[in-house]
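Peer 1: Protein sequences appear in the order of chains A and B. If you want my numbering, it's the position in the first sequence, counting the first as 1, plus 34. If you want my numbering, it's the position in the second sequence, counting the first as 1, plus 34.
There are 2 protein chains.
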Amino acid sequence: MSGSSSSSSSDKLLLAAIDLIADRGYKCVTTKEIAAAAGLSEMTLFRHFGSKQNLLESAFDRFHYAGEMQKLFTEKLVWELETDLLLISRTYHEIMNRNRKMIQISLRESGSLPGFREKTQKHPRHLREFLTDYFVKMAERGKMVSTNPDLQAVSFMWMNYGAFMNNREGWGEGTFADVALDDFIQESVKLFVGGLTP
Amino acid sequence: MSGSSSSSSSDKLLLAAIDLIADRGYKCVTTKEIAAAAGLSEMTLFRHFGSKQNLLESAFDRFHYAGEMQKLFTEKLVWELETDLLLISRTYHEIMNRNRKMIQISLRESGSLPGFREKTQKHPRHLREFLTDYFVKMAERGKMVSTNPDLQAVSFMWMNYGAFMNNREGWGEGTFADVALDDFIQESVKLFVGGLTP
DNA sequence: ACGAAATGATAGTGAGTACTAACAAACATA
DNA sequence: TATGTTTGTTAGTACTCACTATCATTTCGT
Numbered sequence: 035m036s037g038s039s040s041s042s043s044s045d046k047l048l049l050a051a052i053d054l055i056a057d058r059g060y061k062c063v064t065t066k067e068i069a070a071a072a073g074l075s076e077m078t079l080f081r082h083f084g085s086k087q088n089l090l091e092s093a094f095d096r097f098h099y100a101g102e103m104q105k106l107f108t109e110k111l112v113w114e115l116e117t118d119l120l121l122i123s124r125t126y127h128e129i130m131n132r133n134r135k136m137i138q139i140s141l142r143e144s145g146s147l148p149g150f151r152e153k154t155q156k157h158p159r160h161l162r163e164f165l166t167d168y169f170v171k172m173a174e175r176g177k178m179v180s181t182n183p184d185l186q187a188v189s190f191m192w193m194n195y196g197a198f199m200n201n202r203e204g205w206g207e208g209t210f211a212d213v214a215l216d217d218f219i220q221e222s223v224k225l226f227v228g229g230l231t232p
Numbered sequence: 035m036s037g038s039s040s041s042s043s044s045d046k047l048l049l050a051a052i053d054l055i056a057d058r059g060y061k062c063v064t065t066k067e068i069a070a071a072a073g074l075s076e077m078t079l080f081r082h083f084g085s086k087q088n089l090l091e092s093a094f095d096r097f098h099y100a101g102e103m104q105k106l107f108t109e110k111l112v113w114e115l116e117t118d119l120l121l122i123s124r125t126y127h128e129i130m131n132r133n134r135k136m137i138q139i140s141l142r143e144s145g146s147l148p149g150f151r152e153k154t155q156k157h158p159r160h161l162r163e164f165l166t167d168y169f170v171k172m173a174e175r176g177k178m179v180s181t182n183p184d185l186q187a188v189s190f191m192w193m194n195y196g197a198f199m200n201n202r203e204g205w206g207e208g209t210f211a212d213v214a215l216d217d218f219i220q221e222s223v224k225l226f227v228g229g230l231t232p
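1. Need the endpoints of the alpha helix (DSSP H) that Pro183 of chain A sits in, please.
2. Can you list, in chain order, the residues of its chain whose CB lies under 6 Å from that of Thr231 of chain A, leaving out five sequence neighbours each side?
3. Excluding the 5 residues preceding and the 5 following Val170 of chain B in the sequence, name in chain order all residues of the same chain whose CB lies nearer than 8 Å to its CB.
4. Taking only beta carbons into account, state which residues of the region 99-133 of chain A come closer than 7 Å to chain B, listed in chain order.
5. Assign Trp113 of chain B to one of two classes, buried (16 or more other C-beta atoms within 10 Å of its C-beta) or exposed (fewer than that).
6. Within the same chain, show all residues whose beta-carbon is closer than 6 Å to that of Thr64 of chain A, passing over the 5 residues directly before and after it, in chain order.
7. Thinking C-beta only, is Ala187 of chain A closer than 8 Å to Trp192 of chain B?
8. Provide the residue span of the alpha helix (DSSP H) that contains Glu91 of chain A, from first to last.
9. Excluding five sequence neighbours on each side, which residues of the same chain lie with their C-beta closer than 7 Å to the C-beta of Arg96 of chain A?
10. CA-CA distance, Leu120 of chain B and Tyr99 of chain B?
11. Using 10 angstroms around the beta-carbon of Asp167 of chain A, count the other beta-carbons present and answer buried if the total reaches 16, otherwise exposed.
12. Can you confirm whether the region 72-88 of chain B touches the region 129-141 of chain B when touching is taken to mean that 3 or more C-beta pairs between the two stretches lie within less than 8 Å?
13. Give a yes or no on whether the C-beta atoms belonging to Gly59 of chain A and Arg151 of chain A are separated by under 8 Å.
14. Using a Cβ-Cβ cutoff of less than 6 Å, which residues in the same chain neighbour Thr154 of chain A once the five nearest sequence positions on both sides are dropped?
15. Would you mind stating whether Asn200 of chain A and Ser123 of chain A have Cβ atoms separated by less than 8 Å?
16. Just verifying my parser: in three-state terms, what is the DSSP assignment at Ser146 of chain A?
17. For Asp118 of chain B, count the other beta carbons within 10 Å of its own beta carbon; 16 or more makes it buried, fewer makes it exposed. Which is it?
18. Can you name the residues of chain A whose CB is closer than 7 Å to the CB of Ser92 of chain B?
19. Which of the three DSSP states is assigned to Tyr60 of chain A in this structure?
20. Which residues in chain B have a C-beta closer than 8 Å to the C-beta of Asp57 of chain A? List them in chain order.
21. Is DSSP giving Pro158 of chain A helix, strand or coil here?
22. Can the beta-carbon of Ala69 of chain A be found less than 8 Å from the beta-carbon of Thr78 of chain A?
23. Compute the Euclidean distance between the alpha carbons of Ser146 of chain A and Phe218 of chain B, then round it to the nearest angstrom.
24. If distances are taken between C-alpha atoms only, which option among B:Ser43, B:Gln87 and B:Phe164 comes closest to Gly149 of chain B?
25. Could you give the distance in angstroms between the alpha-carbon of Ala56 of chain B and the alpha-carbon of Ser144 of chain A?
26. Considering only residues of the same chain and omitting the five flanking positions on each side of Gly208 of chain A, which have a CB-CB separation below 7 Å?
27. Between the beta-carbon of Gly84 of chain B and the beta-carbon of Gly228 of chain A, is there less than 8 Å?
28. Can you check which of these residues, A:Leu90, A:Phe190, A:Asp216 and A:Lys105, is closest to Val223 of chain B by C-alpha distance?
29. Answer with yes or no whether the minimum CB distance from Tyr195 of chain A to chain B is below 8 Å.
30. Just checking: is the beta-carbon of Met136 of chain B within a distance shorter than 8 Å of some beta-carbon in chain A?
31. Run the CB neighbour count on Glu221 of chain A, radius 10 Å, all protein chains shown included, and call it buried at 16 or more, exposed below.
32. Within this structure, are the beta carbons of Leu225 of chain B and Phe226 of chain A separated by less than 8 Å?
33. At the level of alpha carbons, what is the spacing between Tyr126 of chain B and Ser43 of chain A?
34. Under the rule that 16 or more other beta-carbon atoms within 10 Å means buried, what is Ala214 of chain B, buried or exposed?
35. Check for me: the alpha helix (DSSP H) holding Ala69 of chain A runs from which residue to which?
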């Protein structure tokens, strides 16, 4: 059977492309390099994907993990601020980390390649709405004070986004991440809990 | 008088280069385009800078605003948490905004061009040390509780960094920035003040 | 073992682009 | 006016790179 993506050669190429493009950029990486990194020949690349651009688009469609977030929450929330924020923060970083390379690509290539930015920005948008909603409901239950749930949600998100951005080369070494991820999560959640409950 | 960057032609070229490279990427932008955007000819570009790479490096040296931060603080701090955090946050966004395009470039081009990442990361590193120090001193004065000043400083910084990143196309429209910058600053500072004072 | 599908090796095309060479025009200063 | 400096123009070089064509080779189901 053939099709456009039959064996695992396609996947090898897609993964190699993601790796290389994520840390050197679309224009910098050559098709020959990608093929070599995948252990295949350049011809195979073009036979599978026809063009370099289509290769990247296919990579995005195949390896951009989406969704998941809402379901996890609506099931597991216990309506206790600290516990829930911890869950949300940890889940957020887990998903962002899984999509790390895709995010890097869409960050770098927005402006040169069109329509990539949008795809990675669906997550945050949904999460923001969800969090705002959560804060509103928590306030209704009298479990927190919420003068401005939307800004509070956004603050929490941006803090975690900033944390992710500063450590996307991997937590534990390099840059200025002598901060362990979960230490940060715990302390930052404490901070927000303190700021949201009088 | 000649020198390597005499008249304003050099500056026109540097600014055009920054603009174009910031939103399309180093490899995507051609020297001819840059020259055209500057209203000059391609030859003039090479006469002034010799090579494309040197053009970008010169741009960085000339238009990357650094320093400033520490001085502003050590002079203006009043040792009242909310006031100081507001000053710090506003100053931070002001500087980041002035360096917006440079940051975009160093973000995009780190990995392809070497040594750019580091330059834009000096700011945050200094700021982090400063903030940690500030928290320690505030705790000594009994004006806040500080179980973990470094993580608290980092949380505050990353929140503001995340805010900046999500709105570097300009505050007020687009993306998901229906949030005004100063509204965010005020609310987020309130949150941290609440979390840091029992 | 046989045939079909997938992969490889090699060579090449065509477009784009950083950068150079040589000469002409505009401009300033003295 | 004369001279030097800056810019423009035009043509061209050398190189990279996405992509194609052709033929040989491997892999694999049956």
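Where is the CB? At the ideal position from N, CA and C, for every residue including glycine.
Peer 2: The answer reads as follows:
1. Pro183 to Asn200
2. Met178
3. Ser180 and Pro183
4. none
5. exposed
6. none
7. no
8. Lys86 to Phe97
9. Leu48
10. 21 Å
11. exposed
12. no
13. no
14. Ile137 and Ser140
15. no
16. coil
17. buried
18. Under the 7 Å cutoff, chain A gives no residues; its nearest Cβ is about 21 Å from Ser92 of chain B.
19. coil
20. Gly145
21. helix
22. yes
23. 30 Å
24. B:Gln87
25. 11 Å
26. Confidence in Gly208 of chain A is poor, its pLDDT being 43 and thus under 50, which makes the residue's placement too unreliable to answer from.
27. no
28. A:Phe190
29. yes
30. no
31. buried
32. yes
33. 48 Å
34. exposed
35. Thr65 to Ala71
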